[in-house]
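In what follows, a single structure is set out as structure tokens and then discussed.
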Amino acid sequence: MAKFNSVDSGLQTLALKCLEKAPALHSMFSHTIREWTYTFLLDEPHLFLYFGIFDEKMERSNALWFLNRVKESSSA
């Protein structure tokens, strides 16, 4: 969605950098840097990536829950 809706043109590049650093064969990954947690969820059957940047105070399980909800709503 950021590719189409974001005013930040560097967001897609940032997402690609995070994905490059992700461990192989993982369908979800998160990494925290300077108070921000970068989290992605890969929808393997459709080869679609859901990526979010969250405040580090938010629990990772909540970030993954949110990304799963976005995934479910976009596939409905």
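Under this note's numbering, the first residue of the sequence shown carries the number 4, and numbering increases by one thereafter.
Each residue gets a CB set at the ideal place from its N, CA and C atoms; glycine is no exception.
Residues near residue i in its chain [Cβ-Cβ closer than 8 angstroms; skip 5 each side]
{"i": "W39", "result": "I56, F57, D58 and E59"}
Close beta carbons around residue i, own chain, < 6 angstroms, minus the five adjacent residues each side
{"i": "C21", "result": "Y41"}
{"i": "Y118", "result": "Outside the shown range of the chain, which is 4 to 79, sits residue 118, and nothing can be said about it."}
{"i": "H61", "result": "In the sequence under discussion, the amino acid at residue 61 is Met, which differs from the His named in the question. For M61, where only same-chain residues beyond five positions count, there are no Cβ hits under 6 angstroms."}
{"i": "R2", "result": "Residue 2 is absent from the structure shown; the chain starts at 4 and stops at 79."}
Local conformation of residue i per DSSP, three classes
{"i": "S33", "result": "strand"}
{"i": "L52", "result": "strand"}
{"i": "L28", "result": "coil"}
Bridge partner(s) assigned by DSSP for residue i
{"i": "F69", "result": "Bridge partners of F69: none, in fact."}
When the options are compared against residue i, the one with the closest alpha-carbon
{"i": "A66", "options": "F51, M31 and D46", "result": "M31"}
{"i": "H34", "options": "L17, S78, S77 and S76", "result": "L17"}
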